[in-house]
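**Q** For what it's worth, our numbering labels the leading residue of the first sequence as 1235, then goes sequentially. Heads up, the beta-carbon is just placed ideally off N, CA and C, and yes, glycines get one too. What you are looking at is a predicted structure, and each value in this text was computed from that prediction instead of being measured. Quick one: this structure, given as C-alpha cells, is what I'll be asking you about.
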Amino acid sequence: MPKEKTTTRKSKAKAETGGKKKKDPNAPKRGLSAYMFFANDNRENVRAENEGISFGQVGKVLGERWKALNSKQREPYEAKAKADKERYEKEKAAYNDTPADDDEEEE
DNA sequence: AGACTGATTGTTCCA
DNA sequence: TGGAACAATCAGTCT
C-alpha cells in the first residue's frame, strides 16, 4: 500500500472519499501537533548526538525519542500543542462567526 | 452515533 | 522551493 507520503500533500488525492468535502471555507488551519514542538526542542538535541546525520535519520530517531518519552515529558510539548490548538480555536470561532449572509456581524 | 479519511503543522537535508 | 519520514490532530464527511 502506498505510504501516501506526508506533508505538502495538500491536494494529493483530494476528496477521494467522495469528491465534495468542501471542509472549511476559511480553513483556520489547525494548530501544530505536540510533535512539532517536540521536534523544535529535540531537533538540536538529536542532531547534537548524531552530528552529521541525514534528515532521514534525524526524523526517525526523533519519532522514536518522542514515543520514548513519558506522558510527563510530553507535557511541555502537549502544553504547547494545546496552546496552539487554542489559537486555532480562536480562528475556528471567527470562522464560525463569519457572516454567512450579510446580517449578524458582531465586532 | 460511530468510523474514517483528508487536510494541516514543523524539523532537517539536498538539488 | 519543495518534497519526504516522523507523529499528532482534528474537523468535516460518510455510513
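Can you say whether Phe1272 is buried or exposed, counting buried as having 16 or more other CB atoms within 10 angstroms of its CB?
**A** For the purposes of this step, residue 1272 is identified with residue 38 of the first sequence, where counting begins at 1. By the neighbour-count rule (16 or more Cβ atoms within 10 Å), Phe1272 is buried.
**Q** May I ask you to verify whether the region 1308 to 1324 touches the region 1261 to 1272, counting CB pairs closer than 8 Å and requiring at least 3?
**A** The region 1308 to 1324 is in contact with the region 1261 to 1272.
**Q** Alpha carbon to alpha carbon, how far is Ala1328 from Lys1301? Give it in angstroms, no decimals.
**A** Walking along the first sequence from the start, residue 1301 turns up at place 67. Walking along the first sequence from the start, residue 1328 turns up at place 94. Taking the straight line joining both Cα atoms gives about 34 Å.
**Q** Confirm, please, whether the CB-CB distance from Leu1296 to Asn1276 is below 8 Å.
**A** Taking the first sequence and counting its residues from 1, the one referred to as residue 1276 is at position 42. Taking the first sequence and counting its residues from 1, the one referred to as residue 1296 is at position 62. Against a cut-off of 8 Å, the Cβ pair of Leu1296 and Asn1276 comes out as a contact.
**Q** Suppose the cutoff is 8 Å on Cβ atoms and the five residues either side in sequence are ignored; what does the same chain contact list for Val1292 look like?
**A** On the first sequence, position 58 is the one that residue 1292 refers to. Excluding residues within five positions, the ones whose Cβ falls inside 8 Å are Arg1277, Val1280, Arg1281 and Asn1284.
**Q** Might you give, ordered along the chain, the residues of its own chain that have their beta carbon closer than 7 Å to the beta carbon of Asp1318, omitting 5 neighbours on each side?
**A** Within the first sequence, numbered from 1, the residue matching residue 1318 stands at position 84. Taken in chain order, the residues that qualify are Gly1265 and Leu1266.
**Q** CB-CB under 7 Å to Arg1299, same chain, minus the five flanking residues each way: which ones, in chain order?
**A** For the purposes of this step, residue 1299 is taken as the residue at position 65 of the first sequence. Around Arg1299: Asn1276 and Val1280.
**Q** Who are the Cβ neighbours of Ile1287 in its own chain at under 6 Å, not counting the five residues just before and after it?
**A** Position 53 of the first sequence, counting from 1, holds the residue named residue 1287. Closer than 6 Å at the Cβ level, and outside the excluded window around Ile1287, lies no residue.
**Q** For Ala1309 and Glu1323, I'd like the C-alpha separation in whole angstroms.
**A** As a working note, residue 1309 is residue 75 in the first sequence. As a working note, residue 1323 is residue 89 in the first sequence. Note that residue 1309 is Glu in the sequence shown here, rather than Ala. Going by the C-alpha atoms only, they are around 20 Å apart.
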